[in-house]
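A.B. asks: What follows is a single structure, and I will ask about it in a moment.
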DNA sequence: CAGTGGTCTAGACCACCAC
DNA sequence: TGGTGGTCTAGACCACTGC
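Protein chains in written order, with the working numbering: chain A, 141 to 419; chain B, 141 to 419.
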């Protein structure tokens, strides 16, 4: 290959050598929209566009880079699915403040954080102000929840729905499902469950969970949830299915967490005592 | 609001009532490309387009739905970032076979799977044939690895790079970093580390890891990794930072896993013995 | 009303693939 | 050579925002 570095061929009509004002040069091999995304991403990270502040408008960027607005739109689209930028209709594209929150699953329940919930601790650790809303409903068990709770599909469940915020910004949805009968016995059918929350009430009646499993998977944001989480279309979310079981390994509660991918870091810690010593 | 359900206004020029052949009707409120993506997604899930088979070509779909090719391209783009579809240049867009692999982190090391590696087990469980490649290099510690291994930036590390496949399809990258000195002592500077792998060799010299932490975060696929993983641009990946520490809580090995989001489900299991009984 | 982004089209050129 | 998808433009209309 002699022409390895083969002349980028300035074909596409827009490598027009305009030089009015601050035009930024875009080369050919990598798609323009990707290169522009790279540049904007870099500017954001360098603080040229501070968190919360708007990017230049699409027509402006279009002029700066000498490409059509559609191309700009596509570049910004990349940053949106990455969670770096959020668009507010009619207003502009804004740099998202993304202090990543770390969730240490294996510490959330054990300590049962006297007085403070796990979310509270996680959020304050990065200097954010936590808040949430809660509501309780009764629903029939879906195939999924029925399977996890080991009851028949359609069985009555109590679902405790919570929405979490950090500095007023939505960060997470968590729906906890319990079999109605158990929820009533434990007295967690009202919004307020008392000190220590649902798990403490379950412990009170001897059904305190001690075995936990979590399954993390991906999905693209589903309409309703995406809307609440202020997510961009197409942005990825973590879905966590959390199952808490009592001493006899009977599942007592299932929680489904939905959280915007880029806002969270998930942490797990554990120890394996080697049974037979080290060989 | 009297006009709550306000007439979708069939404005955009393309609600043209063409009826030649098998044209599928597209309504207005939701973007056309999103609706088309919904339809195609549904067809895939119903098996109309079987795993491994191609979607109809863009011009074909363009005719079917009565929209421009660009719109089709955008619809397919959604399916690509969701991991449902993979495009092979010049050939077409193919339905990705996605048997999701479940990785149970908390079981991977404890059992130290006599004879079989954790990946092997995980993959075969869903009926896939595992394979991998490995190589060993020496690199200076980056800020990240240095911090995690508690050495100076630039210190010499041995990195064991592995690439994993299932049925020949790339699924995961895993790079394990060890301080060179330790790696030499443990004898894991060659590709073959003997039965039980690196951790067993570390155990042999009394540095067997028993404390583990994992941190999961998101990233959009980085060029090189995305290429290897056969990923679509823009598709989300899990990054797992895994730290193994010995009895004295000294970190001995750090592994960075990169895996395509839609191919994996991550599972964790643990037990919290309540120290003071259940109140 | 002007400004923002959201979507869509038609037409174009490109790179890659298979024949 | 003809088919596939990848990218880009220009022009257009839309909805939402704020003045």
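Quick reminder that beta carbons are idealized off the backbone N, C-alpha and C, glycines included. On a predicted model such as this, the values are computed, not experimentally measured, just so you know.
1. How would you label residue 360/B, buried or exposed, when you count the other beta carbons within 10 angstroms and need 16 or more for buried?
2. In its own chain, which residues sit with a C-beta less than 6 Å from the C-beta of residue 161/B, not counting the 5 before and 5 after it?
3. Going by DSSP, name the residue or residues bridged to residue 343/A.
4. Determine whether the Cβ of residue 411/A lies closer than 9 Å to any Cβ atom of chain B.
5. Looking only at its chain, what residues have a beta carbon closer than 6 Å to the beta carbon of residue 258/A, apart from the 5 residues adjacent to it on each side?
6. Between the C-alpha atoms of residue 356/B and residue 371/A, what's the straight-line distance to the nearest angstrom?
7. In terms of residue numbering, what span does the alpha helix (DSSP H) encompassing residue 231/A cover?
8. At what residues does the beta strand (DSSP E) containing residue 241/A begin and finish?
9. For a cutoff of 9 Å on Cβ pairs, would you count residue 249/A as touching chain B?
10. Is there at least one Cβ from chain A nearer than 9 Å to residue 223/B's Cβ?
11. Do residue 404/B and residue 241/B have their beta-carbon atoms positioned less than 9 Å apart in this structure?
12. I'd like the span of the alpha helix (DSSP H) that includes residue 302/A, first residue to last.
13. Is residue 356/B close to chain A, meaning its C-beta is less than 9 Å from at least one C-beta of that chain?
14. Given this structure, state the Cα-to-Cα distance separating residue 191/B from residue 173/B, to the nearest angstrom.
15. Cutting at 8 Å between CB atoms, please list the residues of its own chain near residue 231/B, excluding the five before and the five after it.
16. Could you tell me the distance, in whole angstroms, from the CA atom of residue 322/A to the CA atom of residue 392/A?
17. Checking contacts by CB at 9 Å: is residue 401/B closer than that to chain A?
18. Within a Cβ cutoff of 6 Å, which residues of the same chain sit near residue 220/A, ignoring the five residues on either side of it in sequence?
19. Taking only beta-carbon positions, decide if residue 373/A is within less than 9 Å of chain B.
20. What residue range is occupied by the uninterrupted alpha helix (DSSP H) comprising residue 221/A?
21. Using Cβ-Cβ distances below 8 Å, what residues of the region 203-220 of chain A are close to chain B?
22. Any chance the region 290-304 of chain B sits against the region 374-385 of chain B, with 3 or more Cβ pairs inside 8 Å?
23. For a contact meaning CB atoms closer than 9 Å, what does residue 288/A contact in chain B?
24. Give the interface partners of residue 360/B over in chain A, defined as CB-CB distance under 7 Å, in chain order.
25. For residue 491/B, return the contacting residues in chain A, with the cut-off set at a CB-CB distance below 7 Å.
26. Would you say residue 407/A lies against chain B (beta-carbon separation less than 9 Å)?
27. Report the neighbours of residue 376/A on chain B: residues whose CB is nearer than 7 Å to its CB, in chain order.
28. Would you say residue 240/A lies against chain B (beta-carbon separation less than 9 Å)?
29. Would you say residue 233/B lies against chain A (beta-carbon separation less than 9 Å)?
30. Would residue 197/A pass as an interface residue toward chain B - the criterion being a Cβ-Cβ separation below 9 Å?
31. Taking a contact to mean a Cβ-Cβ separation below 9 Å, would you say residue 384/B touches residue 335/B in this structure?
32. Kindly list the residues whose CB is nearer than 6 Å to the CB of residue 408/B, restricted to its own chain and excluding five residues on each side of it in sequence; keep chain order.
33. Under 8 Å by Cβ, that's how I've got residue 218/B and residue 236/B pegged, so tell me the actual separation to the nearest angstrom.
34. Could you tell me if residue 345/A is buried or exposed, where buried requires 16 or more neighbouring beta carbons within 10 angstroms of its beta carbon?
35. What are the residues in the region 322-354 of chain A lying within 7 Å of chain B by C-beta distance?
C.D. replies: Taking the definition as stated:
1. buried
2. With a pLDDT of 40 at residue 161/B, under the threshold of 50, the modelled position of that residue is not reliable, and no figure is offered here.
3. Assignment of beta-bridge partners to residue 343/A by DSSP yields no partner.
4. With respect to chain B, the C-beta atom of residue 411/A has a partner C-beta closer than 9 Å.
5. Take residue 258/A, set aside five residues on each side of it, and the residues of its chain with a beta-carbon closer than 6 Å to its own are 248, in chain order.
6. 20 Å
7. From DSSP, residue 231/A is part of no alpha helix (DSSP H); its letter is neither H nor E.
8. Counting along the chain, the beta strand (DSSP E) containing residue 241/A begins and ends at 241-244.
9. Judged by the 9 Å Cβ criterion, residue 249/A is in contact with chain B.
10. Yes, residue 223/B lies at the interface with chain A (some Cβ there is under 9 Å from its Cβ).
11. yes
12. Run containing residue 302/A: none in the alpha helix (DSSP H); it sits in the beta strand (DSSP E), 296-306.
13. Yes, contact with chain A.
14. 22 Å
15. The beta carbon of residue 231/B lies closer than 8 Å to those of 194 in the same chain, with the five residues before and after it left out.
16. Spanning the two alpha carbons is a distance of roughly 8 Å.
17. yes
18. 372
19. Taking Cβ atoms only, chain B reaches closer than 9 Å to residue 373/A, which makes this a yes.
20. 209-221
21. Under the 8 Å Cβ criterion, the region 203-220 of chain A contributes 218.
22. no
23. Here the premise fails: no neighbours, minimum Cβ distance about 13 Å.
24. 222
25. In the structure as shown, chain B begins at 141 and stops at 419. Residue 491/B is therefore absent and cannot be evaluated.
26. yes
27. 358, 376 and 401
28. Any Cβ of chain B closer than 9 Å to the Cβ of residue 240/A would place that residue at the interface, and such an atom is present.
29. no
30. Chain B, which has no Cβ nearer than 9 Å to the Cβ of residue 197/A, makes this no.
31. no
32. 245 and 246
33. That belief does not hold up - the Cβ atoms of residue 218/B and residue 236/B are roughly 14 Å apart, past 8 Å.
34. exposed
35. Residues passing the 7 Å Cβ filter: 343, 344, 346, 348, 350, 351, 352, 353 and 354.
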